[in-house]
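Q: First, the structure itself, so that you have it in front of you.
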Amino acid sequence: MANTSTLAPRGGGNTSAPGRRRHTSHKRARGSGLPPRAIPYVLLIPGILVILGLLLYPMIQMVIMSFQSISLRVIRGVAEPEWVGLENYTKLLDNDIFWSSLRNTIVFAAVTVALTLILGTAVGALLNRLSKRMSTFVIIGIMSAWAVPPVAQGTIWRWLFDAEAGIINWALNLLPDGLSTLLFGRADWTGQPWLNDAWSVYVVLILTVVWASFPFVAVSVLAGLRGIPAELYEAARVDGATPWRTFRKITFPLLKPVFAVLTILSIIWDFKVLSQLYVLLNGPTNREAFNLSLFSFAEAFKAPPKMGTGAAIAVVLTIILLIVTAFYTRQMVKQEDLT
Amino acid sequence: MTPLARKRLNKIALNTAGVLVFLFAVFPVYWMVSTSFKANDQIFTTDFIPFPTHFTFEHVGKVLTDGVAGNSIWVYMRNSAIVALGTVLIGSAFALLAATAVARFRFKGRTSFLITLLIVQMIPTEALLIPLFLNVRRMGLYDNLLGLIVIQVGLTLPFGIWMLRTFVAAVPKSLEEAAWIDGASRFTTFWKVLFPLVAPGLVATSIFSFITAWNDLIFALVLMKDTTGYTMPVALQFFFGQRGTDWGAIMATSTLMTLPVIAFFLLVQRRMVSGLVAGAVKG
């Protein structure tokens, strides 16, 4: 299976033994005037230039800018930025929008990562037990959700939750009045404006992002499950292990690397969700519903542009992400055969 | 209950769950497509209209001929295509070179390079928006599609290298060695032996880059000023700006933007997933 065959060689897949190549590198390679030792470096030049110029250098600039005040004249290139020390950061600490954005970012990411992983794993396990034809059918369906561009995701869910003609309000009205009152404290949902209030915007955003990202988790878990030898499960069954014990002792340990990767990816994606929120809010309008990405964007690009503050927010977001993912990155460096 | 009956019941339960998952995933996409073919009286209603009984090309037609913000929709389609294809062409070439270097050679600095690749993928790319915006202005590429291509190459390259390197490593070294022994130059070997064998991996990374560039809203929003330079995701925002939201037109445009991507995804679905998992991190 194509899925598993590339999963398997992680770590051990690099078969090119260093010793064996040595003898070929004595002679100069024909057709290129380069000494063999220089070849990898030449191949890396464009990539390194791009990474330095478009990722690492801007990263440093971002940190520097977070200590500066950048006026319109600086943006136009006719004045030098002014150093303001920690002012951008101290102002942020006094700003209620910063704290609500921080809270929105973290709570949203925690809930969404958890839901995505749980739903994705459950669906992956389900796919593994379905017949081949049925699982292909479901995979094609969930892949089409995954493929929808973020902007279109936001648009679709904004339409589903539309106050006047949205299908969600229609569906909630279908619930028996008693049940709806019991669950939500109300029976009539006609005209419910979901996207006016920060709290309900996040309900919609969580649904949107979980809907679009669980398929990837499901298909990856399925690929992992198919790679586990059936004999292990045979043995467990002969030993009379319960399904939960089988999962804990066989499935989970063997899928741990896959889960590690999926968790880190979900964290990275969900901490910086921007396009979907931008569309659901119709631009940077409702400040109570900002997350750090949108707050940084709004500060930097909404008149009057405050790029220094925007950069400070971006620095905070980056630091949080680096801390959260540092542990997993270490794991991954260990797993991957980097040396 | 007999074991056979239980087995059958179990199967029914599993298949029902499968159908429910399918519906949950597909319904919103279906709703987008069907809304774009519904007449307005069927769109703006509090009733549930499962499929367009007054099937109309009105919205699609309006979007295709009238366009939005004074330009035909084809202008935005073309811009999106230019940015996405430009990113793929430049990005894939760079990624293949770097992936070959790390998968085929042991050299000083290799490990640091790979760790750097991992770390730069942790940086939220949106956070780099401000410095990249200023740099692009300084380079005179503001409001220029080339500026957008440059940025997208930067954002997609680390992942492209990371993903492609597993594909290069999977090609047996002995094939290249055989070509050398037959007297082929390094370049010929690369071009005639390695390149065709890595092609599927290259397709997968290319499609990943294509979709990333195609989907981008924020960089295009900030870097393009004139409406003739807008990409599809930016143009779509214009429908919301006007008085009264024209949901038929919005859904038609969203559909136009989404269907090519879904088609691509379904074509290379298996490779995408294995590549993503093997590649470990996306920027």
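Chains as they are written, first to last, in the working numbering: chain A, 98 to 436; chain B, 310 to 592. In this text, a Cβ means the ideal position worked out from N, Cα and C, and glycines have one as well.
1. Pull the bridge partners of B/Asn380 from the DSSP assignment, please.
2. On the CB-based measure, 16 or more other CB atoms within 10 Å of its CB, does A/Asp367 come out buried or exposed?
3. With the cut-off set at 8 Å, would you say B/Phe548 and A/Asn379 are in Cβ contact?
4. For A/Ala176, which residues from the same chain have a beta carbon less than 6 Å from its beta carbon, with the 5 sequence-adjacent residues on both sides left out?
5. Using only the alpha-carbon positions, how far apart do A/Arg437 and A/Glu331 sit?
6. Using a Cβ cut-off of 9 Å, which residues of the segment 439 to 458 of chain B contact any Cβ in chain A, in chain order?
7. Hey, how far is the Cα of B/Ser389 from the Cα of B/Ser345?
8. Taking 6 Å as the limit between beta carbons, can you name the residues of its chain near A/Ser122, skipping five residues before and five after?
9. Pick from A/Ile264, A/Ser197 and A/Leu216: whose alpha carbon is nearest that of A/Thr360?
10. According to DSSP, simplified to helix, strand and coil, what is B/Lys316?
11. Buried or exposed for A/Leu214, please, with buried defined as at least 16 other CB atoms from any protein chain shown within 10 angstroms of its CB.
12. Mind pulling the chain B residues with CB within less than 7 Å of A/Gln158?
13. Return the first residue and the last residue of the alpha helix (DSSP H) that A/Phe195 is part of.
14. Is B/Pro542 close to chain D, meaning its C-beta is less than 8 Å from at least one C-beta of that chain?
15. Check each candidate in A/Ala315, A/Trp296, A/Ala333 and A/Pro402 and name the one with the smallest Cα separation from A/Phe387.
16. Quick check: is the beta carbon of A/Ala242 nearer than 8 Å to any beta carbon in chain B?
17. Is A/Ser198 near the ligand NAP, going by C-beta to nearest heavy atom under 7 Å?
18. Measuring alpha carbon to alpha carbon, tell me which of B/Thr425, B/Ala487 and B/Val459 ends up nearest B/Trp471.
19. Tell me whether A/Lys353 is buried or exposed, calling it buried when 16 or more other Cβ atoms sit within 10 Å of its Cβ.
20. In its own chain, which residues sit with a C-beta less than 8 Å from the C-beta of B/Asp350, not counting the 5 before and 5 after it?
21. Should A/Pro155 and B/Leu441 be called a contact, given that it needs their Cβ atoms to be closer than 8 Å?
22. Between the alpha carbons of A/Gly116 and B/Phe499, how many angstroms are there, rounded?
23. Hey, is A/Trp256's beta-carbon within less than 8 Å of any beta-carbon in chain B?
24. Only counting runs of 3 or more residues, tell me where the beta strand (DSSP E) segments fall wholly within the segment 346 to 411 of chain A, in order along the chain.
25. In this structure, does DSSP put A/Glu261 in helix, strand or coil?
26. B/Leu526 lies in the alpha helix (DSSP H); which residues open and close that run?
27. So, for A/Gly251: in the same chain, excluding its five sequence neighbours on each side, which residues have a beta-carbon less than 6 Å away from its beta-carbon?
28. Under 8 Å Cβ to Cβ from A/Val210, same chain only, skipping five residues before and after it: list those, please.
29. Please identify the residue among A/Thr343, A/Ala284 and A/Pro143 whose C-alpha is closest to the C-alpha of A/Gly275.
30. Please compile the residues from chain A whose C-beta is within a distance smaller than 7 Å of the C-beta of B/Phe403.
31. Nearest by alpha-carbon distance to B/Thr409: which of B/Val512, B/Arg447, B/Leu473 and B/Thr311 is it?
32. Can you give me, in chain order, the residues of the segment 526 to 538 of chain B that have a beta carbon less than 9 Å from any beta carbon in chain A?
33. Three or more beta-carbon pairs under 8 Å between the segment 416 to 427 of chain A and the segment 425 to 436 of chain B, yes or no?
34. For B/Leu576, which of helix, strand or coil comes out of DSSP?
35. Whole angstroms is fine: what's the gap from A/Ile172's alpha carbon to B/Leu443's?
36. Using C-beta distances below 8 Å, list every residue in its chain close to A/Val181, excluding the 5 sequence neighbours before and after it, in chain order.
A: Taking the structure as given:
1. B/Val377.
2. Buried is the label assigned to A/Asp367, since at least 16 other Cβ atoms lie within 10 Å of its Cβ.
3. Cβ distance not < 8 Å, so B/Phe548 and A/Asn379 don't count as in contact.
4. Answer for A/Ala176: Arg170, listed in chain order.
5. Residue numbering for chain A in the displayed model covers 98 to 436; residue 437 of chain A lies beyond these limits and cannot be assessed.
6. Cβ proximity to chain A below 9 Å picks out Ile439, Pro440, Leu441, Phe442, Leu443, Asn444, Arg446 and Arg447 from the segment 439 to 458 of chain B.
7. Rounded to whole angstroms, B/Ser389 to B/Ser345 spans 21 Å at the Cα level.
8. Reliability of the predicted coordinates at A/Ser122 is poor, the pLDDT of 43 falling under 50, and the value obtained from them is presented with this limitation in mind. Only Pro133 meet the Cβ criterion.
9. Ranking A/Ile264, A/Ser197 and A/Leu216 by Cα distance to A/Thr360 puts A/Leu216 first.
10. Residue state, collapsed to three classes: helix.
11. Around the CB of A/Leu214, 16 or more other CB atoms lie within 10 Å, so the residue is classed as buried.
12. Those are Pro440, listed as they occur along chain B.
13. Per DSSP, the continuous alpha helix (DSSP H) segment holding A/Phe195 begins and ends at Asp193 to Arg226.
14. Chain labels in this structure do not include chain D; the protein chains are A and B.
15. In terms of Cα proximity to A/Phe387, the closest of A/Ala315, A/Trp296, A/Ala333 and A/Pro402 is A/Trp296.
16. Yes, its Cβ sits closer than 8 Å to a Cβ of chain B.
17. Although the ligand NAP was asked about, the structure shown includes no ligands whatsoever.
18. For B/Trp471, the nearest C-alpha among the options comes from B/Thr425.
19. Result: exposed.
20. Excluding residues within five positions, the ones whose Cβ falls inside 8 Å are His363.
21. The Cβ atoms of A/Pro155 and B/Leu441 lie closer than 8 Å to each other.
22. Interpretation of A/Gly116 is limited by its pLDDT of 42, a score under 50 that renders its predicted location unreliable; the figure taken from the coordinates is listed afterwards. About 21 Å.
23. Interface residue, yes.
24. None, since the segment 346 to 411 of chain A contains no complete beta strand (DSSP E) of that length.
25. Residue state, collapsed to three classes: coil.
26. Here B/Leu526 belongs to no alpha helix (DSSP H), and DSSP marks it neither H nor E.
27. Within the same chain, A/Gly251 has close Cβ partners Gln373, Val376 and Leu377.
28. Cβ within range, chain order: Thr360, Ser363, Ile364 and Asp367.
29. The shortest C-alpha separation from A/Gly275 is found at A/Ala284.
30. Those within 7 Å of B/Phe403 in chain A are Pro143, Gly144 and Val147.
31. For B/Thr409, the nearest C-alpha among the options comes from B/Leu473.
32. Here the close residues are Leu526, Ile527, Leu530 and Val531.
33. Segment contact: the segment 416 to 427 of chain A against the segment 425 to 436 of chain B, three or more CB-CB distances shorter than 8 Å; contact assigned.
34. Here B/Leu576 carries a helix assignment [DSSP, helix/strand/coil].
35. About 7 Å.
36. These residues qualify, in order along the chain: Phe164, Gln165, Ser166 and Gly405.
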